[in-house]
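Working notes for the structure below.
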Amino acid sequence: MFLTPAILSSATWCSFERLLSRLLVHKGLKGVRIVGGTGDKGADIIAIGFNNKRWLVQAKFWAKPVSEQELQETIEAGRHYSADFLVIAAPNGIDGRARQLQQRLIKEHPITVWDANNLVAMAASLPKEAIVRPAQGEYQEIAITRVQEMLEDQTPIRGMVVMATGLGKTFTASEAIRRVRKIRPIKTLILAHTNALVLQLEKAFWPFLGPTIPTFVWTQYEKPSEEALQNADFIFASRDSVYNYIQAGHILPRFDLILIDECHHAHSKALAYQRIIDDTASEAHTQLLGLTATPFLADPEASLAYNFGDSPLLTIDMVYGLRHGFLSQIDYRLFTSNINWDCLESLRGGSLSPKQVNKVFFIQEWDDAIVSEIQKTWASQKNPKAIIFCETIAHAFKMRDMLNSRGFCSAQAIYSGKFDGQSMSSFQKNLLLSDFEAGTVNVVCTVDVFNEGIDVPDVNIVVFNRVTHSRRIFIQQLGRGLRLSPGKPKTLVLDFAQDIRRYAAGLKMKDSLYESRPGEVISIGNKVTFRNSAGEDKRAEAFLRAWLDDVEKIEASDDEDIGVLKFPPPLGD
Numbered sequence: 018m019f020l021t022p023a024i025l026s027s028a029t030w031c032s033f034e035r036l037l038s039r040l041l042v043h044k045g046l047k048g049v050r051i052v053g054g055t056g057d058k059g060a061d062i063i064a065i066g067f068n069n070k071r072w073l074v075q076a077k078f079w080a081k082p083v084s085e086q087e088l089q090e091t092i093e094a095g096r097h098y099s100a101d102f103l104v105i106a107a108p109n110g111i112d113g114r115a116r117q118l119q120q121r122l123i124k125e126h127p128i129t130v131w132d133a134n135n136l137v138a139m140a141a142s143l144p145k146e147a148i149v150r151p152a153q154g155e156y157q158e159i160a161i162t163r164v165q166e167m168l169e170d171q172t173p174i175r176g177m178v179v180m181a182t183g184l185g186k187t188f189t190a191s192e193a194i195r196r197v198r199k200i201r202p203i204k205t206l207i208l209a210h211t212n213a214l215v216l217q218l219e220k221a222f223w224p225f226l227g228p229t230i231p232t233f234v235w236t237q238y239e240k241p242s243e244e245a246l247q248n249a250d251f252i253f254a255s256r257d258s259v260y261n262y263i264q265a266g267h268i269l270p271r272f273d274l275i276l277i278d279e280c281h282h283a284h285s286k287a288l289a290y291q292r293i294i295d296d297t298a299s300e301a302h303t304q305l306l307g308l309t310a311t312p313f314l315a316d317p318e319a320s321l322a323y324n325f326g327d328s329p330l331l332t333i334d335m336v337y338g339l340r341h342g343f344l345s346q347i348d349y350r351l352f353t354s355n356i357n358w359d360c361l362e363s364l365r366g367g368s369l370s371p372k373q374v375n376k377v378f379f380i381q382e383w384d385d386a387i388v389s390e391i392q393k394t395w396a397s398q399k400n401p402k403a404i405i406f407c408e409t410i411a412h413a414f415k416m417r418d419m420l421n422s423r424g425f426c427s428a429q430a431i432y433s434g435k436f437d438g439q440s441m442s443s444f445q446k447n448l449l450l451s452d453f454e455a456g457t458v459n460v461v462c463t464v465d466v467f468n469e470g471i472d473v474p475d476v477n478i479v480v481f482n483r484v485t486h487s488r489r490i491f492i493q494q495l496g497r498g499l500r501l502s503p504g505k506p507k508t509l510v511l512d513f514a515q516d517i518r519r520y521a522a523g524l525k526m527k528d529s530l531y532e533s534r535p536g537e538v539i540s541i542g543n544k545v546t547f548r549n550s551a552g553e554d555k556r557a558e559a560f561l562r563a564w565l566d567d568v569e570k571i572e573a574s575d576d577e578d579i580g581v582l583k584f585p586p587p588l589g590d
C-alpha cells in the first residue's frame, strides 16, 4: 500500500502532505492541491468533493498531539477558504483539551481528526484496483497499444509519442504501463524539467497505479532514501536532481524504463538530460520513452532523433484532433481591427521580416476594444470560463481590473516571478486555481503560468492578447482550452495578437481544417474566421492570403528571418 505504518514513520513534511493528497484522490475528490507555505492562512491541502463542497486539510506531522490552539487555527483557515469540511491529519492525534474543544464545536464547526491509525485504515479500505477509464477514442487506444507493444517487446529501445495538448499523452503512457505491469514489473524513472511538473506527473499516475503501489518524489526539496531508490517501482524526479546526483559520483540503480515528459527539452544539446540518458538508458534493456505535444526546437542544430529515434511511435497533431472530434470543437476568431492599413505604403519595396512588419502594421493600444469584444461574446458560451494570455504581469492586472469593472465576470490574475517586488506564493496560486475550478472565479489573466502541465478541461474561452513568437508556446496555450469536457460543445478563441505570424498560423489552420481528404470522415463544427468590429472580415483575409508568401514558413519563423512576405498588393474594395 502507498500508506502503511512503515511509510508513515519514514515520511517527511513534504511526503506526508502528498500521502494525504493521494488519499483524497483515491477517495474520489477532485482539484486536490497542496497549498501549504508562507502565508497559507492555515491550510495545507484543499480539494473539491461532491456537490462542489470544499475540503480543507491541516497536516500536522508532529511528534506530539495537536493542541486546541491548532483546532482554533483550523477553524479560522476554514473561514478564510470558505471550506465546508475541515480535517486535521496528525499521526499522533489531538490532546485532551483539543478533544474537549472538538466536542463543544461539533455542531457549529465540525472538525474531523485523522491520526495514524485512521490514515492507515482508510488506505487499507480503498479498492485495490487501479481506476481504469476508457480511452477517449480510437486514436488513444492506438497510441496506448503502440506504447504497450514497445514495452512488452522491449523494442524499439527508444521511442517518442507526439500528441497535441488535450489528447492525453500522460494518460496514454500511464495506461500502457498499467497494462504491461499486469504481466511483469517495470521499474520506472519519470523525469521532468521542473519540480512542479514532477509533482503533477506523480498525481496523474496515482489512479493508474491504484493504492497498492507506493511512489516517491525526487526534487531539490526531498530525495528518496537509498533503499527506496533501489527498490521502488516508481520514482518521479526532476532533471536537475538526478543530474546533480550523477555529477557527484553516485550511481543510479538500473531502471527498466526512463520516461521523459515534455521531452522537447531533452534534445541532443541539453547537457543535463544527455548525461542522465548516457548513464541510464545506455544500459541493455533499459528503454527510453519521450512524451511531447510540441516537438519544435528553436536551435536547428539540436535534435530529438538523437535520443528518441528518427520516427515517433505515433504523431497526432492538433488539427487531426480537431478534425476528428478528439478535441473540443473550435470557433477561432482572428481580429483585424488593430491593423493599420494606412501603413501599407511604407511597407512597399525591399524584403521585410515579421518583426519589421509588426512595428508598423498594428495599432499598439486597444485593450478597451478587447474587453468590449470579450463582454459581447461572453453570454454565447454556456458556463463561460476563460483564460486570457497577457503580455506582462502589469498587463494581466490591467486586464483583470478592466474586466471586473464591467461586472459581467469575476477575473483574477495569476503569474510567476515578481510584480512590484512581490511574488505570488504557491498557496495563492493554488487557491486561485481551486476557485477557478469551482467556478467562483471564471476568468484568469495570466502571462505564462498555463503553458505546461495545467489541466483545466472546462475552459471554453481562450483569449490571446499578447505576441507569442514561439510556435511551441502558442500551441501549448491554445491547447489549454481544447480538452473535451461534459457540457462543453465548443471552445471560443479570440485572437488579438499583434503578430503577422499569427495570421499565417490562422490561415494554415483554416486550410488544414477544411481540407478534404479521400475516405476521411471529419467533424464539421470547427471554423476559423477573420473578424473586425463589424463582423467577418473576408476582405482582410483575402488580402493577407495574397500577401503572405509562405504561410508555413512565416508561422515557424523567428525575428531574424527575412524575405517571407510578398510585395503588398492593392487592398481593393
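In the working numbering, the protein residues as written are 18 to 590.
Glycine included, each C-beta is placed from N, C-alpha and C at the ideal position.
Top-ranked residue by Cα proximity to residue 418, from 409, 429, 410, 403: Residue numbering aside, residue 418 sits at position 401 when the sequence shown is read from its first letter. Ranking 409, 429, 410, 403 by Cα distance to residue 418 puts 429 first.
message: Quick check: the segment 373–381 against the segment 503–518, are at least 3 beta-carbon pairs closer than 8 Å?
response: yes
query: Cβ atoms of residue 169 and residue 215: under 9 Å apart, would you say?
result: Your numbering for residue 215 matches position 198 in the sequence shown. Your numbering for residue 169 matches position 152 in the sequence shown. No, the pair does not count as a contact, with Cβ atoms beyond the cut-off.
Cα-Cα separation between residue 500 and residue 125, rounded to whole angstroms: Taking the sequence shown and counting its residues from 1, the one referred to as residue 500 is at position 483. Taking the sequence shown and counting its residues from 1, the one referred to as residue 125 is at position 108. When rounded, the distance between both Cα atoms is 41 Å.
field: Opposing strand residues paired with residue 280 [DSSP bridges]
entry: Residue mapping note: residue 280 aligns to position 263 of the sequence shown, counting from 1. Residue 280 is not bridged to any residue.
task: In angstroms with no decimal places, state the Cα-to-Cα distance between residue 263 and residue 297.
output: Within the sequence shown, residue 263 is the residue found at index 246, counting from 1. Within the sequence shown, residue 297 is the residue found at index 280, counting from 1. Their Cα atoms are separated by approximately 10 Å.
task: Give every residue of the same chain whose Cβ lies closer than 7 Å to the Cβ of residue 470, excluding the five residues on either side of it in the sequence, and list them in chain order.
output: As a first step, residue 470 is located in the sequence shown; it is residue number 453 there, counting from the start. Bear in mind that the predicted position of residue 470 carries a pLDDT of just 48, short of 50, making it unreliable; the figure below should be weighed with that in mind. Closer than 7 Å at the Cβ level, and outside the excluded window around residue 470, lie 213, 214, 217.
query: Can you tell me where the alpha helix (DSSP H) with residue 72 in it begins and where it stops?
result: Start at 1 with the first residue of the sequence shown, and residue 72 comes out as number 55. No alpha helix (DSSP H) holds residue 72; the beta strand (DSSP E) holding it covers 71–76.
query: What's the gap between the Cα of residue 41 and the Cα of residue 49?
result: By one-based count along the sequence shown, residue 41 stands at place 24. By one-based count along the sequence shown, residue 49 stands at place 32. The straight-line gap from Cα to Cα measures roughly 7 Å.
6 Å Cβ shell around residue 60 - same chain, five flanking residues per side excluded: Position 43 of the sequence shown holds residue 60. For residue 60, where only same-chain residues beyond five positions count, the Cβ hits under 6 Å are 52, 73, 94, 98.
Beta-carbon proximity of residue 208 to residue 136, cut-off 9 Å: As a first step, residue 208 is located in the sequence shown; it is residue number 191 there, counting from the start. As a first step, residue 136 is located in the sequence shown; it is residue number 119 there, counting from the start. Result no, Cβ atoms of residue 208 and residue 136 do not sit closer than 9 Å.
message: Taking the straight line between their C-alpha atoms, what separation do you get for residue 30 and residue 75?
response: Residue mapping note: residue 30 aligns to position 13 of the sequence shown, counting from 1. Residue mapping note: residue 75 aligns to position 58 of the sequence shown, counting from 1. So the alpha carbons of these two residues sit roughly 12 Å apart.
task: Could you check the C-alpha separation between residue 277 and residue 306 for me, to the nearest Å?
output: Position 260 of the sequence shown, counting from 1, holds the residue named residue 277. Position 289 of the sequence shown, counting from 1, holds the residue named residue 306. Distance between the alpha carbons of residue 277 and residue 306 is about 6 Å.
Pair within 9 Å by beta-carbon distance, residue 105 and residue 129: Stepping through the sequence shown from its first residue, residue 105 is reached at position 88. Stepping through the sequence shown from its first residue, residue 129 is reached at position 112. Their beta carbons are under 9 Å apart, which means residue 105 touches residue 129 by this criterion.
task: State yes or no: is the C-beta of residue 427 within less than 9 Å of the C-beta of residue 457?
output: Position 410 of the sequence shown holds residue 427. Position 440 of the sequence shown holds residue 457. Result yes, Cβ atoms of residue 427 and residue 457 sit closer than 9 Å.
message: Check whether the segment 502–509 and the segment 333–351 touch, using three or more Cβ-Cβ pairs below 8 Å as the test.
response: yes
message: Looking only at its chain, what residues have a beta carbon closer than 8 Å to the beta carbon of residue 237, apart from the 5 residues adjacent to it on each side?
response: Numbered from its first residue, the sequence shown carries residue 237 at position 220. These residues qualify, in order along the chain: 212, 255, 257, 258.
- prompt: Which one or two residues does DSSP pair with residue 482 in a beta bridge?
  reply: Locating residue 482 in the sequence shown gives position 465, where the first residue counts as 1. Paired residues: 407.
field: Same chain only: Cβ atoms within 7 Å of residue 270, ignoring 5 sequence neighbours per side
entry: Translated into positions along the sequence shown, residue 270 becomes position 253. 246, 247, listed in sequence order.
With 16 other Cβ atoms within 10 Å as the buried cut-off, status of residue 420: For this step, residue 420 is matched to residue 403 along the sequence shown. Residue 420 comes out buried.
message: My output table needs one value for residue 475: the three-state DSSP class, helix, strand or coil.
response: Stepping through the sequence shown from its first residue, residue 475 is reached at position 458. In the structure shown, residue 475 sits in coil (DSSP, three-state: anything other than H, G, I, E or B).
- prompt: What three-state label does DSSP hand residue 432 in the structure shown?
  reply: Mapped onto the sequence shown, residue 432 falls at position 415. Three-state DSSP puts residue 432 in coil, outside helix and strand.
query: Are there three or more Cβ pairs, one per stretch, closer than 8 Å when the segment 480–490 is compared with the segment 317–325?
result: no
query: Quick one: what does DSSP say residue 218 is sitting in, helix, strand or coil?
result: Indexing the sequence shown from 1 puts residue 218 at position 201. Residue 218 falls in the helix class under three-state DSSP.
task: Identify every residue that forms a DSSP beta bridge with residue 548.
output: In the sequence shown, counting from the first residue as 1, residue 548 sits at position 531. According to DSSP, residue 548 bridges with 352, 553.
task: For residue 27, count neighbouring Cβ atoms within 10 angstroms of its own Cβ and tell me buried if that reaches 16, exposed if not.
output: As a first step, residue 27 is located in the sequence shown; it is residue number 10 there, counting from the start. The residue is exposed, with fewer than 16 neighbouring Cβ atoms inside 10 Å.
query: For the putative contact between residue 230 and residue 251, defined by C-beta atoms under 8 Å, what is the C-beta separation to the nearest angstrom?
result: As a first step, residue 230 is located in the sequence shown; it is residue number 213 there, counting from the start. As a first step, residue 251 is located in the sequence shown; it is residue number 234 there, counting from the start. Their Cβ separation, rounded to whole angstroms, is 7 Å, which keeps residue 230 and residue 251 in contact under 8 Å.
message: Assess contact between the segment 105–121 and the segment 148–160, defined as three or more Cβ pairs (one per stretch) separated by less than 8 Å. Is contact present?
response: no
message: Starting from residue 513, trace the beta strand (DSSP E) in both directions and tell me its first and last residue.
response: Counting from 1 along the sequence shown, the entry for residue 513 is found at position 496. Element bounds for residue 513: n/a, residue is neither H nor E.
task: Can you say whether residue 117 is buried or exposed, counting buried as having 16 or more other CB atoms within 10 angstroms of its CB?
output: Along the sequence shown, one-based indexing puts residue 117 at 100. Exposed, because fewer than 16 other Cβ atoms sit within 10 Å of the Cβ of residue 117.
- prompt: Helix, strand or coil: how does DSSP classify residue 177 here?
  reply: Stepping through the sequence shown from its first residue, residue 177 is reached at position 160. Strand at residue 177.
- request: Work out the CA separation of residue 561 and residue 396 for me, nearest whole Å.
  value: Against the sequence shown, residue 396 aligns to sequence position 379. Against the sequence shown, residue 561 aligns to sequence position 544. When rounded, the distance between both Cα atoms is 30 Å.
query: Do the CB positions of residue 651 and residue 436 come within less than 9 Å of each other?
result: Examination of residue 651 is not possible in this model, given that the chain is present from 18 through 590 alone.
- prompt: What are the boundary residues of the alpha helix (DSSP H) that residue 91 is part of?
  reply: Looking up residue 91 in the sequence shown gives position 74. First-last of the alpha helix (DSSP H) with residue 91: 85–98.
message: Is there a C-beta anywhere in chain B that falls below 9 Å from the one on residue 406?
response: Reference to chain B is not applicable here, since this structure consists of a single protein chain.
field: Segments assigned alpha helix (DSSP H), at least 4 residues, entirely inside the segment 222–309
entry: 243–248, 256–264, 288–297
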